[in-house]
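Mapping of the sequence shown onto the UniProt record's numbering: residues 1 to 323, in sequence order.
Even glycine gets a Cβ: it sits at the ideal position worked out from N, Cα and C.
Given the structure is predicted, the values throughout are model-derived calculations rather than measurements.
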Amino acid sequence: MNKQLSIVIPARSEMFLAKTIENALENIEADTEIIAVLDGAWTDPPIQQHDRVNVIYIPEAIGQRAATNLGVKLSKARYIMKLDAHCSFDKGFDRKMIEFMKRFGDNITSIPVMRNLWAFDWVCECGERKYQDKGGTCDKCGKQMTKDIKWIGKERPQSTSYSFDSEPHFQYFREYSKRPEVRKQAQETGFTETMSLQGSCFMATRENYWKWELCDEKMGSWGNQGIEVACATWLTKHSVLVNYNTWYAHMFRTKAVNDFGFPYSISGREVQKTKQRVKDKYWNFEHPKQRKSVSWLVRRFMPIPGWDEDKINKLKQSEERNN
């Protein structure tokens with residue numbers, strides 16, 4: 001019998017992949033499998049064998065989008081959850097997300113509430129302790145520091161709303177989540193809409209994953225996936241919804257030092273290329289199933305930082321020329 005949910009985790013040289021899988025297995029409550037795609041490198045520490053875990057090894061890196069798609073191709077589950085390789089989870093997160101999808105008839109992309117993952121501290125034998133990415137060598141004694149694993153989903157902040165500006169550049173959209181009508185909806189219904197998403201975790205049916213082109217390899221190896229998934233969903237006349245009844249915690253890394261950097265290139269040139277490809281596809285109506293415009297999506301959530309009437313009108317004029 002096919003699984004209900006496949007959690008697909010693309011990973012390249014991710015030190016916490018095994019820990020992420022271990023924590024997911026501890027908290028799943030549905031008929032869920034995990035498909036880990038090792039993109040160009042074996043993981044260290046290794047993944048423990050488990051009947052719910054399938055591991056794919058790719059000798060030469062193909063990029064996060066292509067690796068994700070390979071994992072989805074091997075799935076026969078009704079639902080797909082794409083997940084970053086450095087996350088922790090609420091108890092029963094998979095069951096709660098499946099129930100949420102069924103509640104809305106499957107024609108959505110859904111995300112849980114996002115917390116920040118306190119993965120580890122750097123500690124030194126002299127007693128010095130530092131949070132996460134600021135370690136390596138002790139500032140006090142000069143000795144090498146070691147990791148003290150915490151793996152705690154911090155209760156604050158909790159992110160539920162995201163947007164993008166006219167560049168497009170990802171943004172947290174806290175102003176939206178503070179609107180009285182949005183707060184009321186969250187309290188009374190357990191969900192809200194979000195213009196965009198962060199990209200480290202999202203869920204859709206396997207059929208819609210392919211139909212809506214949620215992970216288009218032409219966009220580049222990785223980056224800007226939250227904007228891509230949001231546009232692919234909203235502009236094909238569907239919705240991106242946040243499930244307030246469950247959460248996951250994502251580890252953020254900001255420095256490519258101390259074995260704590262990003263797995264793929266984040267050069268300005270590569271990031272700009274991906275942004276331009278997203279604009280070419282969705283600003284110019286190149287998605288084959290696109291039925292709505294970016295200007296429509298922006299107006300739906302206005303006011304939005306980074307947008308004003310002049311920018312929207314210019315976008316609208318450009319859309320009319322290209323459609």
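Tell me, which residues are paired with residue i by DSSP?
i: R115; result: Q158 and A249
i: R129; result: V123
Of the choices the options, whose alpha-carbon is the least far from that of residue i?
i: K275; options: C231, K289 and A67; result: C231
i: L297; options: N323, M195, G220 and E286; result: M195
i: T246; options: S166, F89 and G142; result: F89
i: R174; options: M114, A204, R206 and K237; result: M114
i: K140; options: R129, E213, K147 and N323; result: R129
i: A36; options: A30, E26, T205 and F16; result: F16
i: W210; options: I98, R78 and H250; result: R78
i: I58; options: T68, Q171 and R95; result: T68
Which stretch, first to last residue, makes up the alpha helix (DSSP H) that contains residue i?
i: M230; result: Residue identity check: residue 230 is Ala in the sequence provided, not Met. Q225 to W234 is the extent of the alpha helix (DSSP H) around A230.
i: D106; result: D106 -> no alpha helix (DSSP H), and no H or E assigned at all.
i: F301; result: V294 to F301
i: I28; result: Run containing I28: none; DSSP gives neither H nor E here.
i: E217; result: Neither: E217 is in no alpha helix (DSSP H) and is coded neither H nor E.
Residue range of the beta strand (DSSP E) that residue i falls in?
i: P10; result: L5 to A11
i: I56; result: V53 to I58
i: S177; result: That residue, S177, is in no beta strand (DSSP E); its alpha helix (DSSP H) goes R174 to S177.
i: T205; result: C201 to T205
Go through its chain and collect everything with a Cβ distance to residue i's Cβ below 6 Å, but skip five positions before and after it.
i: residue 350; result: Since the first residue shown for the chain is 1 and the last is 323, residue 350 is missing from the structure and cannot be characterised.
i: I304; result: S163
i: L83; result: I7, I9 and C201
Only counting the same chain, and skipping five residues up and downstream in sequence, which positions put a Cβ closer than 7 Å to that of residue i?
i: E193; result: S239, V240 and L241
i: I312; result: S295, V298 and R299
Less than 9 Å between CB atoms is the rule here; does residue i satisfy it with respect to chain C?
i: W247; result: Absent here is chain C; the protein component of the structure consists of one chain.
Looking only at its chain, what residues have a beta carbon closer than 8 Å to the beta carbon of residue i, apart from the 5 residues adjacent to it on each side?
i: G63; result: D39, E217, G220, S221, W222 and Y264
i: N23; result: C87, S88, F89 and W151
i: V182; result: S161, Y176 and T192
Ignoring anything shorter than 4 residues, give me the alpha helix (DSSP H) runs that lie fully in the region 74-106, in order along the chain. You should have 93-103.
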